[in-house]
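In my numbering, the protein residues as written are 57 to 1047.
Cβ atoms here follow ideal geometry from the backbone N, Cα and C, with glycine treated the same way.
All of these numbers come straight from a predicted model, not from anything done at the bench.
Since the structure comes first, as structure tokens, the remarks are kept for the end.
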């Protein structure tokens, strides 16, 4: 870096990055110190150079390839010269951008102007010292223009001699440019003169259009400096293009300012028109500015082509024009999919601008719609430039992107303050990355049927030194917006690979870990090379590091399909994350070919219940994935109801709070060390084919119908009204279950609801309501119903919604007789000898009601087989905390009361097993607990008097209502020789 030889102080480089819309996307610390008011999202020409429009020497202007590299620029706002280097870069999250590194030039370093080469933005650069009345040509394009001597006295005779180089029609304006009044304005007001255009004579004798820019040169050492710099720039090609456009439009000057696709004013004429409207009104506060953007417009262009995209732009332009005409407003088109409108204050609310625009579909036959996002800014300060008001409206608009419940927002100061905080946040995150304050969290992914862990997703938390643990929702959205998410993602990928390698070295044998790849990552870096580098660096197998790419990245970037294929060829497993949260397509699964699909349980939110489609969508996705041998993970699973639904539709793997919350790395390591919790086979596709019921009964013959009847049991179709229901159709199985006959049933068909016990009718009607809300899962209820004999029986009905028809709803349902089961349950509940302890143990608060309904029936079945005997249960946790014990078991062991028994075993079922027998018992039960596990074992139990009694224990693993696994077992006292229990076991049959 060069030193300032005169002052001895270092002239520091300041760096910033701008996108193709001239917006700042990055500011380094030096730039923030130099321009503390600048913030991300500002237009560079406004905050950096104090201009109202893009600078004429902007590297994003025409001839961009000629503007890269080194140049010298004048900053009007700071009133000084800068040496600048411009580099074309791909900036994460923003695509093609321009990186500008600059440092100030004072009077002592003007020799930098002499270093400009033939790629300079300017053809001629002249320094004029008005105080000394001298001039010097600092840069000259040899052989192009007729020029005076390279240096000399700047007096009237020299000035008059230059007139011969200017076209006679332009000389009056040229004199005005160099008039005393004009030059005084340059110094006294700090204004520059830019964009004055003249025809200048070439050495060939032809005339060439040039643009003159005159700016003061501020010398930090001398306050009375009176030097100016005059830049002469060739604008001939631009003039020729303007003339061609005018000619093609038959000389219609107005038309050349309108966009060819939308027919609306472009940005500059729109802003001029707004200024004109505001100047004619008494108060600018009578207006508001609206900014409109079509969300996911790039997706639309990629899917349907630019022609369809242009057609949608015209549709939106027409709707906005109609709205503005109605309210006396003005609308303009700012390029891409951005529109801006000036409206009377309150028009956007009064006229419901959101509804007036509506959604936009590419074609009436296409079922995909795109949603405009709208931001509105009230004009509350007439001094604020119109361009700044447009920016504020855009800030408001950005707050509604991705939130489909609300598509319009009004700007308030908090939005601007939030934007001002972004540079500070960016610097803070960079510091946190350097200090490794971001820590890994893991959320296990489980087999839905066994509960065992098959993998885990890596998440991140910020362990802030002052704020403590910061959730990702507070920093990830900001990082995604700024593109800085790339740096955090690479940090997480590397830290995950390091953790996997560390676990392997310590003998923990991890299951696969999945990490997230964002859209910004895909655009900014070579994903394949990055992951290859990481696994080679840490020496781990590629199968252990899985890659989740969000669904939106697949939809918006065609290159992702190639990326997935490349990753798979290298041995990586690729998951599609958040399927169903955006522009999902079932065809996308076929076209991209990922290894595993993650579906978003957000589809089952209550706000989707009205249309009854969300469950059907999830079932269709799971079904298609099975056909493609693609494992499916449902993420965001939080309730038992969701788990049951996912089981029914064939989703084998789940992730969510119902099983495990995200946990620190240390807690997850403890899970890895417990072999009973881990399934190292990971996620695999189903090996055994699913039964296709249609194939079993496809011939429609008598045998097929009999198979179907036996499979389905009792079936009925009901018509349900607000306060009653009627029977519409039944099958033969219905008569077998209910004991009814066609004749008697026909008489009762329309008032079948009266066959229910009156107290149970509300329960059944509520069940039909639930079934309508969950058309895939259906709903069920157990109720009392009278038989033809008048006897009251118990029946179970599971119903599914079919359709609405007139004033009723149609359901089909399966019905079964559960009278015997209910009798067993009632016997279980009423028998103090068996259930005193099961229902009312004060120390454990255990109740048979805490078992799910399906397990209450199992408990009843055990009771029916085993009474009189001992019943005992414990949770599948360390020491088996006592769940229940019955009176018979307490008496068998010689205790007077349940409380005495609990105190003696310290509340742990493991303490009822002889220490020498415990290892065999654990082996008989098995290393892994899961619902439905059955076992049989023998061991010695301790009596109160200190003796031991041999028992035969037969049990089953159940899930309590609180979600915990528990063992319910039946115990018989047997002979001291455990082999002598064989006859007893055989005589009682299998459990």
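Open item on the list: Rounding to the nearest angstrom, what Cα-Cα distance links residue 1015 and residue 373 in this structure?
Closed with: 60 Å
Open item on the list: Let me check one thing: in DSSP terms, what residues is residue 1060 bridge-paired to?
Closed with: This structure leaves residue 1060 out entirely; the chain is present only between 57 and 1047.
Open item on the list: Rounding to the nearest angstrom, what Cα-Cα distance links residue 729 and residue 565 in this structure?
Closed with: 8 Å
Open item on the list: Please state whether the Cβ-Cβ distance between residue 285 and residue 180 is less than 7 Å.
Closed with: no
Open item on the list: Does the CB of residue 805 have a neighbour CB from chain C at under 7 Å?
Closed with: The chain labelled as chain C is not found in the depicted structure, where only one protein chain is given.
Task: Proximal residues to residue 738 (C-beta, below 7 Å), its chain only, five neighbours per side dropped - done: 510, 511, 567 and 568
Task: Residues that DSSP places opposite residue 870 in a beta bridge - done: 771 and 854
- [ ] Spell out the partners DSSP gives residue 993 in its beta bridges.
- [x] 1009
TODO: Please determine, among 593, 1021, 994 and 1000, the residue with the shortest C-alpha to C-alpha distance to residue 1008.
DONE: 994
Task: DSSP state of residue 797 mapped onto helix, strand, coil - done: coil
Open item on the list: Please classify residue 92 as buried or exposed, where buried requires at least 16 other C-beta atoms within 10 Å of its C-beta.
Closed with: exposed
Task: DSSP-derived helix/strand/coil call for residue 933 - done: coil
- [ ] Would you mind working out which of 465, 1000, 94 and 409 sits nearest residue 84, comparing C-alpha positions?
- [x] 94
Task: Simplified DSSP state of residue 824, which is helix, strand or coil - done: helix
Task: Beta-carbon proximity check, residue 773 vs residue 871, cutoff 7 Å - done: no
- [ ] Starting from residue 974, follow the alpha helix (DSSP H) in both directions and report where the run begins and ends.
- [x] 974-981
- [ ] Note down the Cα distance separating residue 327 from residue 399, rounded to an integer number of angstroms.
- [x] 13 Å
TODO: Count the other C-beta atoms from every protein chain shown that fall within 10 angstroms of the C-beta of residue 87, then say buried if there are 16 or more, exposed otherwise.
DONE: buried
Task: In DSSP terms, what residue 520 is bridged to - done: 524
Open item on the list: I need the straight-line Cα distance from residue 334 to residue 436, nearest angstrom please.
Closed with: 13 Å
Task: Cβ-based burial, residue 777 [other Cβ within 10 Å; buried from 16] - done: exposed
Task: Start and end residues, beta strand (DSSP E) containing residue 503 - done: 494-503
TODO: Using the DSSP secondary-structure output, state which residues sit across from residue 196 in a beta bridge.
DONE: 180
Task: Limits of the unbroken alpha helix (DSSP H) element including residue 966 - done: From DSSP, residue 966 is part of no alpha helix (DSSP H); its letter is neither H nor E.
Open item on the list: What does the alpha-carbon distance come out to for the pair residue 508 and residue 713?
Closed with: 15 Å
- [ ] Please determine, among 694, 209, 258 and 600, the residue with the shortest C-alpha to C-alpha distance to residue 557.
- [x] 600
Task: At least three beta-carbon pairs within less than 8 Å, the region 588-596 to the region 692-709 - done: no
Task: Status (buried if at least 16 other CB within 10 Å, exposed otherwise) for residue 154 - done: buried
- [ ] Determine the direct distance from the alpha carbon of residue 671 to that of residue 830, and round the result to whole angstroms.
- [x] 7 Å
- [ ] Give the single residue among 470, 448, 332 and 978 whose Cα lies nearest to the Cα of residue 347.
- [x] 448
Open item on the list: Taking the straight line between their C-alpha atoms, what separation do you get for residue 229 and residue 236?
Closed with: 13 Å
TODO: Buried or exposed for residue 525, please, with buried defined as at least 16 other CB atoms from any protein chain shown within 10 angstroms of its CB.
DONE: exposed
- [ ] With DSSP collapsed to three states, give me the class of residue 593.
- [x] helix
- [ ] Buried or exposed for residue 415, please, with buried defined as at least 16 other CB atoms from any protein chain shown within 10 angstroms of its CB.
- [x] exposed
- [ ] Hey, could you find the ends of the beta strand (DSSP E) residue 114 is sitting in?
- [x] Per DSSP, residue 114 belongs to no beta strand (DSSP E) and is neither H nor E.
TODO: Compute the minimum distance between the beta carbon of residue 816 and the heavy atoms of the ligand MG, and state whether it is under 6 Å.
DONE: Although the ligand MG was asked about, the structure shown includes no ligands whatsoever.
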